[in-house]
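Position 314 (the sequence shown) corresponds to 314 in the UniProt record's numbering; numbering is contiguous.
All residues carry an ideal CB built from backbone N, CA and C; glycine is no exception.
The structure presented is a predicted model; accordingly, all values stated were derived computationally and were not measured.
Presented below is the structure to which this report refers.
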Amino acid sequence: AHSTPPFGFEQVSTLGRRCLAAPLSTPTSSRLYCICSPPTCSTKISMVFVLLVALQLPLANFASAAEAAVASCFTPRLAQTLVACNPSIVGGWRKQSVVVLDGVLGREACERLRSEAEAIRSRGLLERAESSGDVMATQVTPDDDSMRRAATTLTALPRAIARAVGRRINDEVRGRQASGEAMSCLVEDGAHTNKLAVVETDGGAYLKHVDSILAGGMDPRKLTAIYYLNPNWSEAQGGHLRAWDAVVVGGDGGEAGPPAGGDGAVRVAPRGDRLVLFWSDGLVHDVEPLRIASEADHRWALTTWHLAADPAADRSLAQGLDPWLDVRHFGAPLTSLTAPARRLATRSLADACGRALQVMTRR
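Shown next as structure tokens:
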């Protein structure tokens, strides 16, 4: 009925930042409107499914809406905070930031995604996870016909997250590189792998670990993004993400603190429609045991791992698990801290000898 978007509506571009003022007569495959003036994390796409129905837009546009929503929540300031603690910064280890984004897609979207995840489970598409016998998991992909039919929107979400978060991170890294700072944490644009996982056993948990620990760039996972599909989660259910040597940035600000036992870790609740970001090669974390009485208490999470643009050239991915973290959290002997220093000294001595030999042969 309108030749232009009605008052109060703004078209959301790929990054949710431009108002293109395009007419509604434009083919629906490229049109998406949301109430946002200006968009905020809590409102920008919270009505996405209501509007998709009202405007009769195909659900294929969910990917664009989700990408815009994530980009709107993951502001340049938060990207700056995350990049500042990346493990590849020359100068050594830094305390890690866990970035928490709330209200990313809206409750309606989260409930739909949860239903699609349960549809994947009911079709027998999940497998027992090797890392934990309490977890069922799978990789979600639109290339699998059976999975795509069961979860049209869920299969589109990982790439949307990867594109939005990756661009923010790369913009910040390139800005620092341009100012002369030595950094090597670029992620490949849109390149990712993912895992949809559900803890369905009472007392189920994840043990303490770091996502990416292999040396030599053998594991290209650089940045972890976890979207929680638990719209009715309650504190009594447990299942918090627990992280050591870290601070929580963003979120509601009221949940970070030492858990019972006083081990100094911070805790992040797996609330529905929450996206949590941290460095795959830097954060020591686990998941606390859950209290599950029924299927409604199952803990669902979709993890998207952003892949490094050049894993072998990334300082942290080339080194593997930081020896300091290995000693502090995983029981490695203190002598392991001297091994990297010995290797560095050996390389430096070899380089010096090589240069001296070149000088002598020129004479």
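Quiz item: Which class does Thr26 belong to by DSSP, given the choice of helix, strand or coil?
Solution: Taking the first residue of the sequence shown as 1, we reach residue 26 at position 26. Low confidence applies here, because Thr26 scores a pLDDT of 32, under 50, leaving its location unreliable; read the following figure in that light. In this structure, Thr26 counts as coil in the three-state DSSP scheme.
Quiz item: Can at least three beta-carbon pairs, one atom from the segment 311-331 and one from the segment 280-287, be found at a separation below 8 Å?
Solution: As far as the Cβ criterion goes, the segment 311-331 touches the segment 280-287, which means the pair count is three or higher.
Quiz item: Going by the CB atoms, is the gap between Ala225 and Thr141 shorter than 9 Å?
Solution: On the sequence shown, residue 141 is found 141 positions in, with the first residue counted as 1. On the sequence shown, residue 225 is found 225 positions in, with the first residue counted as 1. Contact: no.
Quiz item: Looking only at its own chain, which residues have a Cβ that is under 7 Å from the Cβ of Trp298, when we skip the five neighbours before and after it?
Solution: Position 298 of the sequence shown holds residue 298. Correcting the residue identity first, residue 298 is His in this sequence and not Trp. Correct list, in chain order: Val198, Val199, Glu200, Ile292.
Quiz item: Measuring CB to CB, does Ser97 end up less than 9 Å from Leu113?
Solution: Along the sequence shown, one-based indexing puts residue 97 at 97. Along the sequence shown, one-based indexing puts residue 113 at 113. No, they are not a contact pair.
Quiz prompt | Any alpha helix (DSSP H) of 4 or more consecutive residues that is wholly inside the segment 267-332 | solution = 315-319, 323-330
Quiz item: If we call anything under 9 Å between Cβ atoms a contact, is Glu116 one with Leu154?
Solution: Position 116 of the sequence shown, counting from 1, holds the residue named residue 116. Position 154 of the sequence shown, counting from 1, holds the residue named residue 154. Going by C-beta atoms, Glu116 is nearer than 9 Å to Leu154.
Practice problem: Work out the CA separation of Lys208 and Val268 for me, nearest whole Å. | Solution: Within the sequence shown, the letter at position 268 stands for residue 268. Within the sequence shown, the letter at position 208 stands for residue 208. Approximately 15 Å, taken between the alpha carbons.
Quiz prompt | Contiguous beta strand (DSSP E) assignments of at least 3 residues, all confined to the segment 177-263 | solution = 187-199, 206-209, 221-228, 241-244, 246-250
Exercise. Tell whether a beta-carbon distance below 9 Å holds between Val266 and Ala301.
Key: In the sequence shown, counting from the first residue as 1, residue 266 sits at position 266. In the sequence shown, counting from the first residue as 1, residue 301 sits at position 301. Going by C-beta atoms, Val266 is not nearer than 9 Å to Ala301.
Practice problem: Please classify Pro220: is it buried, with 16 or more other beta-carbons within 10 angstroms of its beta-carbon, or exposed? | Solution: As a working note, residue 220 is residue 220 in the sequence shown. So Pro220 ends up on the buried side.
Exercise. Reducing DSSP to helix, strand and coil, say where residue 370 ends up.
Key: An answer regarding residue 370 cannot be provided, because it is not within the stretch 1 to 363 covered by the chain.
Quiz item: What's the gap between the Cα of Val276 and the Cα of Gly203?
Solution: Position 276 of the sequence shown, counted from the start, is the residue given in the question as residue 276. Position 203 of the sequence shown, counted from the start, is the residue given in the question as residue 203. Using only the alpha carbons, I get a separation of about 23 Å.
Self-check item: C-alpha gap between Glu288 and Glu172, whole angstroms
Solution: Here residue 288 corresponds to residue number 288 of the sequence shown, with the count starting at 1. Here residue 172 corresponds to residue number 172 of the sequence shown, with the count starting at 1. Their backbone Cα atoms lie some 33 Å apart in a straight line.
Quiz item: Grouping DSSP H, G and I as helix and E and B as strand, with all else coil, what is Ser88?
Solution: Numbered from 1 along the sequence shown, position 88 holds the residue referred to as residue 88. Correct three-state label for Ser88: coil.
Quiz item: Quick one: what's got a C-beta closer than 8 Å to Pro333's C-beta in the same chain, skipping five residues either side?
Solution: Your numbering for residue 333 matches position 333 in the sequence shown. The residues are Val327.
Exercise. To the nearest angstrom, report how far apart Gly251 and Trp324 are at their CA atoms.
Key: Residue numbering aside, residue 251 sits at position 251 when the sequence shown is read from its first letter. Residue numbering aside, residue 324 sits at position 324 when the sequence shown is read from its first letter. Distance between the alpha carbons of Gly251 and Trp324 is about 29 Å.
Quiz item: Tell me which same chain residues have a C-beta within less than 7 Å of the C-beta of Ala215, skipping the five on either side of it?
Solution: Numbered from its first residue, the sequence shown carries residue 215 at position 215. Around Ala215, the same chain offers Ala318, Gln319, Gly320 as residues with beta carbons nearer than 7 Å, after the five sequence neighbours per side are excluded.
Self-check item: Bridge-paired residues (DSSP) for Ala137
Solution: Taking the first residue of the sequence shown as 1, we reach residue 137 at position 137. Answer is Glu127, Ala197.
Exercise. Output yes or no for whether 9 Å exceeds the beta carbon distance between Cys110 and Pro231.
Key: By 1-based counting over the sequence shown, the position of residue 110 is 110. By 1-based counting over the sequence shown, the position of residue 231 is 231. Yes.
Practice problem: Please check the pair Trp233 and Arg271, which I expect to be a contact at CB under 8 Å, by giving their CB distance rounded to whole angstroms. | Solution: To locate residue 233, count along the sequence shown from 1; it is residue 233. To locate residue 271, count along the sequence shown from 1; it is residue 271. So it is a contact: roughly 5 Å between Cβ atoms.
Practice problem: Please name the residue, chosen from Tyr227, Glu235, Thr193, that lies closest to Val99 on a Cα-to-Cα basis. | Solution: Locating residue 99 in the sequence shown gives position 99, counting from the first residue. Answer by Cα proximity: Tyr227.
Quiz prompt | For Leu101, three-class secondary structure by DSSP | solution = Position 101 of the sequence shown, counted from the first residue, corresponds to residue 101. Correct three-state label for Leu101: strand.
Exercise. Answer with buried or exposed for Thr156, where buried requires no fewer than 16 other C-beta atoms within 10 angstroms of its C-beta.
Key: Position 156 of the sequence shown holds residue 156. Going by the sequence as given, residue 156 is Ala instead of Thr. Taking all protein chains in view, the Cβ of Ala156 is crowded by 16 or more other Cβ atoms within 10 Å, so the residue is classified as buried.
Quiz item: What are the boundary residues of the alpha helix (DSSP H) that includes Leu113?
Solution: Counting from 1 along the sequence shown, the entry for residue 113 is found at position 113. Taken as a continuous stretch (DSSP letters only), the alpha helix (DSSP H) holding Leu113 covers 107-122.
Exercise. Run the CB neighbour count on Leu229, radius 10 Å, all protein chains shown included, and call it buried at 16 or more, exposed below.
Key: Within the sequence shown, residue 229 is the residue found at index 229, counting from 1. Under this definition Leu229 is a buried residue.
Exercise. Report yes if the C-beta distance between Gly166 and Val187 is below 9 Å; otherwise report no.
Key: Numbered from 1 along the sequence shown, position 166 holds the residue referred to as residue 166. Numbered from 1 along the sequence shown, position 187 holds the residue referred to as residue 187. Yes.
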